[in-house]
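Single-structure report; data block below.
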Amino acid sequence: MRVLFRKSYKQDIRLFRDRTQAFWYLLFLCIALAAPLFLDGYFLDELSFVYIYAIAGLGLMILTGFSGQVSFGQAAFVAIGAYAHTILLSRYGVPWILSLPLAALITGLVGLAIGRICGRMHGLYLAIATLSIAIVTERLIGGGGDFTGGHRGLPVPGIDIFGIAIDQSWKTYLLNLALFVGAILMTRNLLRTRSGRALIAIRDSEVSARSLGTNVAFYKAYAFFLSAVFAGLAGGLLAHAFYYITPETFGMGESIRLLLMIVVGGIGTIYGAIFGAFFIVLLPTVLSWVKVLLPGAIATSGGFDSLAFGMILLGFILFEPDGLYGRWVKIHHYFNVFPMYKRRSFQRQKTFLKTERLK
Amino acid sequence: MSWLEVENVSLAFGGLKAVDNLSFSVEPGKVFTIIGPNGAGKSTVFNLICRIYDPLEGDIRFGGESLLGARPHEVINHGIARTFQNIELFEHASLLDNLLIGRFRHGRFSPLSELFFLPGQLRQELEHRRKAEEVIEFLDLEGYRHARVADLPYGVRKKTEMARALVASPEILLLDEPSSGLTTEETDDTAFVIEDIREDLGITVVMIEHDMKLVNKVSDKVLAINEGRFLATGSASEVQDDPDVQAAYLGGEAA
Ligand SMILES: Nc1ncnc2c1ncn2[C@@H]1O[C@H](COP(=O)(O)OP(=O)(O)OP(=O)(O)O)[C@@H](O)[C@H]1O
Ligand SMILES: [Mg+2]
């Protein structure tokens with residue numbers, strides 16, 4: 001087994017633990033940057049979707065994975081971001097470079113308001129409240145008349161940054177990649193500083209978080225704010241990827257898909273959001289390959305995709321609750337210690353009894 | 001001079017008087033122990049001090065200032081840290097992260113600086129880490145820094161909770177049954193730790209404890225309560241010899 005030697009406290013604080021880790025991350029970044037050289041437009045667009053979903057997923061991870069507040073309404077924030085951005089661009093002629101952060105901020109403020117209201121709720125109540133927000137948002141946008149384009153939807157103007165038109169797959173790809181990397185860095189920074197630790201504390205034990213000085217309601221609302229900012233950003237980018245937005249684009253189904261995404265990816269980790277985004281965006285493509293191999297009657301039946309998605313999700317919940325990332329950690333460990341692997345390595349020791357909890 | 005003062009405090013849960021017109025005071029630099037049979041209201045006293053409950057009547061003062069105006073998350077800013085009877089750790093975080101959350105009160109909310117990890121952050125993080133390491137060394141937790149708290153054995157989890165409270169550099173530490181669930185060796189160790197907390201760190205300790213051996217060893221003053229009411233106070237042996245205290249414990253056993 002590779003034992004990690006730490007020589008300085010900074011190693012636990014810095015972005016990369018050591019040179020090996022920095023090397024791997026930079027290598028991945030280089031490959032991602034070079035992707036337009038060897039992938040065609042179709043795959044670049046697919047990857048763009050992965051990056052955008054990952055940004056929304058990171059937002060949801062902050063809310064659900066880190067602060068422990070389950071949300072069935074993340075797509076509502078994506079919708080608000082998409083509409084705010086599109087309306088700012090086409091109706092008010094705001095330059096793209098301002099419109100996107102502005103849209104993210106507007107979404108964030110809506111999230112903050114909702115966070116103030118939902119901050120006292122837990123579990124099922126919170127799930128229902130956020131679900132209602134998703135439904136109400138969809139209705140409001142649908143009933144918004146000319147301002148939102150109603151159910152007819154809105155066309156999305158092209159991207160123009162300081163006079164440079166971002167109008168080809170490779171250009172949007174690089175733009176999305178840059179924002180995706182930015183979102184990862186921000187999430188990582190959040191986690192290695194005070195506020196991020198407060199969120200984790202609140203998730204695991206509100207009483208003791210409070211006893212150590214965290215204003216629980218405040219930080220819960222802050223998590224909603226950040227989560228909505230990320231969702232708003234993703235919404236703005238998604239609008240461009242779709243060229244045309246309607247309220248149905250961001251329906252309740254989309255919210256649930258986002259939540260499932262982080263569950264499949266691995267709840268509570270940054271990797272989880274990224275792996276989950278790859279999974280959810282690339283699954284239809286993979287399924288279309290699989291379908292070629294299946295008998296026609298099965299492949300062409302309507303619900304095949306949903307069924308496959310549901311089965312995979314069920315599989316994860318039953319057999320790998322830590323998600324794709326959890327599986328990856330285990331495989332990684334397996335190769336590191338080969339041939340001495342034992343399944344027990346990852347079994348939790350239950351050396352204590354949890355009695356009544358003070359709530 | 002008394003420092004933490006609980007004065008004529010009462011609290012009821014429905015019809016049950018959990019704390020009944022209770023008064024006591026704790027002097028700085030001492031170990032003050034609260035004993036009493038199960039359900040006597042000991043933990044409730046801690047929860048009252050920590051503002052989880054509002055007393056029906058009475059006042060709680062610390063350093064002359066009433067705590068009743070403070071919200072639960074502000075209590076720590078008065079220098080009061082605590083542990084919980086049924087360990088309340090951040091289970092899915094590492095031991096180190098648990099301790100770093102203990103440093104929460106030594107920072108300010110600065111979202112931009114945090115999200116962009118501006119230069120000041122590294123300095124602050126190193127300072128938090130240095131303090132956490134001091135406590136890790138103090139409590140011999142070196143081997144567990146990066147372990148997930150949920151995976152640690154019970155005794156270590158108990159220590160981690162104490163460490164987390166110490167990292168906050170409190171003036172007064174409230175320990176709710178520090179020895180419950182520990183082995184005899186671990187309990188002996190706890191006695192030394194409590195003495196060191198008082199002697200070396202100069203932190204006042206208020207503890208709730210059932211293990212009389214530990215109580216006798218470390219307490220400067222003992223308070224016995226039953227059914228939320230004052231029974232006796234004094235040195236450990238004085239309180240144990242008190243007929244009311246003996247009756248309360250025997251009554252508890254008979255029931
Ligand atoms: N939140 C609550 N709601 C209702 N009753 C409560 C609550 N908390 C405590 N009680 C009751 O108040 C009484 C005192 O409880 P407390 O937890 O303070 O006892 P204790 O002295 O700490 O006992 P133990 O030694 O068992 O920890 C008990 O009868 C308990 O059932
Ligand atoms: Mg108790």
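Same order as they appear, the protein sequences are chains V and R. Take 1 as the starting number for the first sequence in the UniProt record's numbering and just add one per residue. Take 1 as the starting number for the second sequence in the UniProt record's numbering and just add one per residue. Ideal Cβ placement from N, Cα and C applies to all residues, glycine included.
- Counting other Cβ atoms within 10 Å of its Cβ, threonine 300 of chain V stays below 16 and is therefore classed as exposed.
- Burial check for aspartate 176 of chain R: the Cβ neighbour count within 10 Å reaches 16 or more, so the residue is buried.
- Note that the segment 224-233 of chain V touches the segment 67-80 of chain V; at least 3 beta-carbon pairs, one per stretch, sit closer than 8 Å.
- Within chain V, the residues Ser211, Leu212 and Gly213 have their CB atoms less than 7 Å from the CB of isoleucine 76 of chain R, given in chain order.
- Within chain V, no C-beta atom comes nearer than 9 Å to that of histidine 210 of chain R; the closest sits roughly 14 Å away.
- Contacts with chain R at 8 Å (Cβ-Cβ) do not include tyrosine 325 of chain V.
- Leucine 324 of chain V sits in a helix when the DSSP states are folded into three classes.
- Not a single CB atom of chain V sits nearer than 8 Å to the CB of proline 178 of chain R.
- When Cβ-Cβ separations below 8 Å define contact, aspartate 97 of chain R makes contact with chain V.
- Within 10 angstroms of the beta-carbon of glutamate 127 of chain R lie fewer than 16 other beta-carbons, which makes it exposed.
- Interface criterion not met: the Cβ of leucine 175 of chain R is under 8 Å from no Cβ in chain V.
- Rounded to whole angstroms, the Cβ separation of alanine 236 of chain R and valine 215 of chain R is 6 Å, and the two are in contact under 8 Å.
- For lysine 213 of chain R, the uninterrupted alpha helix (DSSP H) segment begins and ends at 212-218.
- In the DSSP annotation of this structure, alanine 150 of chain R is not part of any alpha helix (DSSP H), being labelled neither H nor E.
- For the segment 105-134 of chain R, the continuous alpha helix (DSSP H) assignments of 4+ residues that do not extend past its boundaries occur at 111-115, in sequence order.
- When secondary structure is reduced to three states using DSSP, aspartate 160 of chain V falls in the strand class.
- The Cβ neighbour count for phenylalanine 28 of chain V, taken over all protein chains shown within 10 Å, is under 16; the residue is labelled exposed.
- Screening all residues for a C-beta within a distance smaller than 7 Å of any heavy atom in ligand 2 leaves R:Lys42, R:Ser43, R:Gln85, R:Asp176, R:Glu177 and R:Ile208, in chain order.
- Here aspartate 97 of chain R is buried. Its C-beta has 16 or more other C-beta atoms within 10 Å.
- For the segment 45-70 of chain R, the set of positions with a beta-carbon nearer than 8 Å to some beta-carbon of chain V reads Asn47, Cys50 and Ile52 in chain order.
- For a Cβ distance threshold of 9 Å, nothing in chain R lies close to alanine 228 of chain V: the least Cβ distance comes to about 14 Å.
- Think of a sphere of 8 Å around the beta carbon of methionine 186 of chain V: the chain R residues whose beta carbon falls inside it are Leu115 and Phe116, in chain order.
- If you check each beta-carbon in the segment 127-145 of chain R against every beta-carbon of chain V, the ones closer than 7 Å belong to Arg129.
- Within the segment 99-122 of chain V, contact with chain R at the beta-carbon level (separation under 9 Å) is assigned to no residue.
- The three-state reading of DSSP puts leucine 22 of chain R in strand, counting E and B together.
- For ligand 1, no non-hydrogen atom lies closer than 7 Å to the CB of asparagine 21 of chain R.
- Taking a cut-off of 8 Å for Cβ pairs, the segment 262-282 of chain V and the segment 39-56 of chain V touch, as three or more such pairs fall below it.
- For the segment 64-139 of chain V, the continuous alpha helix (DSSP H) assignments of 4+ residues that do not extend past its boundaries occur at 74-90 and 96-118, in sequence order.
- Not one beta carbon of chain V lies nearer than 8 Å to the beta carbon of proline 37 of chain R.
- Contact check between the segment 30-39 of chain V and the segment 260-274 of chain V: fewer than three CB pairs, one atom from each, fall below 8 Å, which does not count as touching.
- Taking one beta carbon from each stretch, the segment 83-92 of chain V and the segment 230-240 of chain V have 3 or more pairs nearer than 8 Å; the two touch.
- Classified as buried, histidine 73 of chain R has 16 or more neighbouring CB atoms from the shown chains inside 10 Å of its CB.
- Note on the segment 193-272 of chain V: whole alpha helix (DSSP H) runs with a minimum of 4 residues are 194-204, 206-211, 216-242 and 252-265, in chain order.
- Using a cutoff of 7 Å, the CB of glycine 39 of chain R counts as near ligand 1, since one of the ligand's heavy atoms is closer than that.
- Counting along the chain, no alpha helix (DSSP H) covers threonine 183 of chain R, and no H or E run does either.
- The Cβ atoms of isoleucine 197 of chain R and leucine 173 of chain R lie closer than 8 Å to each other.
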